[in-house]
Amino acid sequence: MVEQAQGSSGGSSDYAAVGGGPAIASVVDLFYQKVLGDPQLAGYFADTDLARLKRHQVQLVSQVMGGPVSYEGADLAQAHQGRGITGDDFGKVVVHLVDALEAHEVPADIVGRVVTALGATQDDIVAVH
20 MVEQAQGSSG
30 GSSDYAAVGG
40 GPAIASVVDL
50 FYQKVLGDPQ
60 LAGYFADTDL
70 ARLKRHQVQL
80 VSQVMGGPVS
90 YEGADLAQAH
100 QGRGITGDDF
110 GKVVVHLVDA
120 LEAHEVPADI
130 VGRVVTALGA
140 TQDDIVAVH
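First residue of the sequence shown: 20, per the working numbering; consecutive thereafter.
Right, dumping it as C-alpha coordinates:
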(Lines of atoms letter the chains of each structure in order from A; the text may use other names.)
(Lines give C-alpha, C1' and ligand atoms only; values in the text may rest on other atoms or scores of the structure.)
Protein backbone atom coordinates (compact mmCIF):
# COMPACT_ATOMS: atom_id res chain seq x y z
CA MET A 20 0.00 0.00 0.00
CA VAL A 21 1.28 3.43 -0.89
CA GLU A 22 0.51 6.23 1.47
CA GLN A 23 -0.13 9.73 0.28
CA ALA A 24 2.40 12.31 1.38
CA GLN A 25 1.05 15.23 3.35
CA GLY A 26 0.15 18.16 1.13
CA SER A 27 1.78 21.53 1.39
CA SER A 28 0.28 24.27 3.51
CA GLY A 29 -2.62 26.32 2.31
CA GLY A 30 -4.67 23.40 1.04
CA SER A 31 -2.73 23.03 -2.21
CA SER A 32 -1.39 19.57 -2.94
CA ASP A 33 2.25 18.83 -3.60
CA TYR A 34 1.05 17.57 -7.00
CA ALA A 35 -0.28 21.04 -7.89
CA ALA A 36 2.73 22.80 -6.36
CA VAL A 37 5.18 21.01 -8.68
CA GLY A 38 3.13 21.56 -11.84
CA GLY A 39 0.81 18.56 -11.98
CA GLY A 40 0.88 15.67 -14.41
CA PRO A 41 3.25 17.08 -17.04
CA ALA A 42 5.87 17.94 -14.42
CA ILE A 43 5.60 14.51 -12.77
CA ALA A 44 5.86 12.78 -16.16
CA SER A 45 9.05 14.75 -16.82
CA VAL A 46 10.46 13.75 -13.41
CA VAL A 47 9.63 10.10 -14.11
CA ASP A 48 11.32 10.25 -17.54
CA LEU A 49 14.51 11.62 -15.98
CA PHE A 50 14.26 9.12 -13.12
CA TYR A 51 14.21 6.18 -15.54
CA GLN A 52 17.11 7.64 -17.53
CA LYS A 53 19.10 7.62 -14.29
CA VAL A 54 17.95 4.16 -13.19
CA LEU A 55 18.55 2.56 -16.60
CA GLY A 56 21.98 4.19 -16.73
CA ASP A 57 22.92 2.64 -13.38
CA PRO A 58 24.68 -0.71 -13.94
CA GLN A 59 23.52 -1.96 -10.53
CA LEU A 60 19.85 -1.37 -11.40
CA ALA A 61 19.53 -1.66 -15.18
CA GLY A 62 19.26 -5.47 -15.15
CA TYR A 63 16.02 -5.33 -13.18
CA PHE A 64 14.38 -3.71 -16.20
CA ALA A 65 15.42 -6.16 -18.93
CA ASP A 66 12.35 -7.41 -20.78
CA THR A 67 10.19 -4.75 -19.13
CA ASP A 68 7.52 -2.75 -20.93
CA LEU A 69 9.02 0.63 -20.01
CA ALA A 70 6.12 2.67 -21.36
CA ARG A 71 3.72 0.75 -19.12
CA LEU A 72 6.09 0.97 -16.17
CA LYS A 73 6.48 4.73 -16.63
CA ARG A 74 2.69 5.16 -16.73
CA HIS A 75 2.38 3.28 -13.44
CA GLN A 76 5.22 5.27 -11.91
CA VAL A 77 3.58 8.56 -12.91
CA GLN A 78 0.35 7.32 -11.28
CA LEU A 79 2.21 6.26 -8.16
CA VAL A 80 4.15 9.52 -7.74
CA SER A 81 1.03 11.55 -8.56
CA GLN A 82 -0.97 9.72 -5.89
CA VAL A 83 1.83 10.10 -3.33
CA MET A 84 1.88 13.84 -4.06
CA GLY A 85 -1.87 14.22 -3.54
CA GLY A 86 -2.88 14.46 -7.17
CA PRO A 87 -6.24 13.48 -8.64
CA VAL A 88 -4.74 10.21 -9.87
CA SER A 89 -5.02 6.73 -8.43
CA TYR A 90 -2.28 4.15 -8.79
CA GLU A 91 -3.77 1.24 -10.74
CA GLY A 92 -0.70 -0.98 -11.02
CA ALA A 93 -0.09 -4.25 -9.27
CA ASP A 94 0.24 -4.38 -5.51
CA LEU A 95 3.83 -3.32 -4.77
CA ALA A 96 4.72 -6.50 -2.86
CA GLN A 97 3.34 -8.67 -5.65
CA ALA A 98 5.00 -6.64 -8.42
CA HIS A 99 8.44 -6.92 -6.79
CA GLN A 100 8.20 -10.46 -5.45
CA GLY A 101 11.01 -12.75 -6.55
CA ARG A 102 13.12 -9.98 -8.04
CA GLY A 103 15.78 -10.17 -5.34
CA ILE A 104 15.85 -6.42 -4.73
CA THR A 105 18.26 -5.51 -1.94
CA GLY A 106 18.12 -2.66 0.51
CA ASP A 107 21.07 -1.11 -1.33
CA ASP A 108 19.18 -1.35 -4.64
CA PHE A 109 16.15 0.31 -3.05
CA GLY A 110 18.35 3.07 -1.66
CA LYS A 111 19.90 3.75 -5.07
CA VAL A 112 16.42 4.01 -6.62
CA VAL A 113 15.43 6.56 -3.97
CA VAL A 114 18.63 8.55 -4.65
CA HIS A 115 17.84 8.61 -8.39
CA LEU A 116 14.29 9.78 -7.68
CA VAL A 117 15.55 12.52 -5.38
CA ASP A 118 18.04 13.59 -8.06
CA ALA A 119 15.25 13.73 -10.65
CA LEU A 120 12.99 15.74 -8.32
CA GLU A 121 15.80 18.16 -7.47
CA ALA A 122 16.71 18.55 -11.15
CA HIS A 123 13.12 19.74 -11.64
CA GLU A 124 13.54 22.21 -8.76
CA VAL A 125 10.99 20.48 -6.54
CA PRO A 126 11.17 22.12 -3.10
CA ALA A 127 13.06 20.21 -0.41
CA ASP A 128 9.99 19.86 1.84
CA ILE A 129 8.07 18.12 -0.96
CA VAL A 130 11.04 15.88 -1.78
CA GLY A 131 11.19 14.94 1.90
CA ARG A 132 7.51 13.98 1.98
CA VAL A 133 7.89 11.87 -1.16
CA VAL A 134 10.93 10.09 0.28
CA THR A 135 9.06 9.42 3.54
CA ALA A 136 6.08 7.98 1.66
CA LEU A 137 8.29 5.80 -0.53
CA GLY A 138 10.36 4.71 2.46
CA ALA A 139 7.17 3.24 3.90
CA THR A 140 7.06 0.88 0.89
CA GLN A 141 10.53 -0.58 1.41
CA ASP A 142 9.29 -3.72 3.20
CA ASP A 143 7.01 -4.45 0.20
CA ILE A 144 9.83 -4.09 -2.32
CA VAL A 145 13.04 -5.38 -0.71
CA ALA A 146 13.55 -9.14 -0.71
CA VAL A 147 13.76 -10.82 2.67
CA HIS A 148 16.95 -12.83 2.92
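No residue lacks a Cβ here, since even glycine has one placed at the ideal position from N, Cα and C.
When you compare each of Asp143, Ala146 and Leu137 to methionine 84 by their alpha carbons, which one comes out closest? By 1-based counting over the sequence shown, the position of residue 84 is 65. Of the candidates Asp143, Ala146 and Leu137, the residue whose Cα lies closest to the Cα of methionine 84 is Leu137.
Give me the residue from Ala42, Asp68 and Asp108 with the minimum Cα distance to leucine 60. Taking the sequence shown and counting its residues from 1, one reaches residue 60 at position 41. The residue among Ala42, Asp68 and Asp108 with its C-alpha nearest the C-alpha of leucine 60 is Asp108.
Indicate the three-state DSSP secondary structure (helix, strand or coil) for arginine 71 in the structure shown. To locate residue 71, count along the sequence shown from 1; it is residue 52. Collapsing the DSSP output to three states places arginine 71 in a helix.
Looking at the secondary structure, which residues open and close the alpha helix (DSSP H) in which phenylalanine 109 lies? The residue you call residue 109 lines up with position 90 of the sequence shown. Where phenylalanine 109 is concerned, the enclosing alpha helix (DSSP H) stretches over 106–122.
Endpoints, the alpha helix (DSSP H) within which serine 31 is located: If you number the sequence shown from 1, residue 31 lands on position 12. For serine 31, no alpha helix (DSSP H) encloses it, and the DSSP letter there is neither H nor E.
Should serine 81 go down as buried or exposed, given a rule of 16 or more other Cβ atoms within 10 Å for buried? Along the sequence shown, read from residue 1 onward, the residue named residue 81 stands at position 62. Counting Cβ neighbours within 10 Å, serine 81 comes out buried, since at least 16 surround it.
My assumption, with CB atoms under 8 angstroms, is that glycine 106 sits in contact with alanine 98. Please give the rounded CB distance. Residue numbering aside, residue 106 sits at position 87 when the sequence shown is read from its first letter. Residue numbering aside, residue 98 sits at position 79 when the sequence shown is read from its first letter. Contact between glycine 106 and alanine 98 does not hold, since their C-beta atoms are separated by about 18 angstroms, which reaches or exceeds 8 angstroms.
Could you compute how far the alpha carbon of lysine 53 sits from the alpha carbon of histidine 115? Translated into the one-based positions of the sequence shown, residue 53 becomes position 34. Translated into the one-based positions of the sequence shown, residue 115 becomes position 96. The straight-line gap from Cα to Cα measures roughly 6 angstroms.
Using the three-state DSSP reduction, which class does alanine 61 fall into: helix, strand or coil? Indexing the sequence shown from 1 puts residue 61 at position 42. Helix.
From threonine 135 to glycine 62, what does the alpha carbon distance come to, in whole angstroms? Within the sequence shown, numbered from 1, the residue matching residue 135 stands at position 116. Within the sequence shown, numbered from 1, the residue matching residue 62 stands at position 43. Taking the straight line from one Cα to the other gives about 26 angstroms.
Taking just the CA atoms, how far does glutamate 124 sit from proline 41? On the sequence shown, position 22 is the one that residue 41 refers to. On the sequence shown, position 105 is the one that residue 124 refers to. Roughly 14 angstroms between the two C-alpha positions.
From the DSSP output, in three-state form, read off glycine 138 for me. As a working mapping, residue 138 is identified with position 119 in the sequence shown. Here glycine 138 sits in helix by DSSP.
Limits of the unbroken alpha helix (DSSP H) element including tyrosine 51: Numbered from its first residue, the sequence shown carries residue 51 at position 32. It spans 39–55 - the alpha helix (DSSP H) in which tyrosine 51 sits, taken as one unbroken run.
Does the beta-carbon of valine 147 have 16 or more other beta-carbons within 10 angstroms, so that it is buried, or is it exposed? Looking up residue 147 in the sequence shown gives position 128. That one is exposed.
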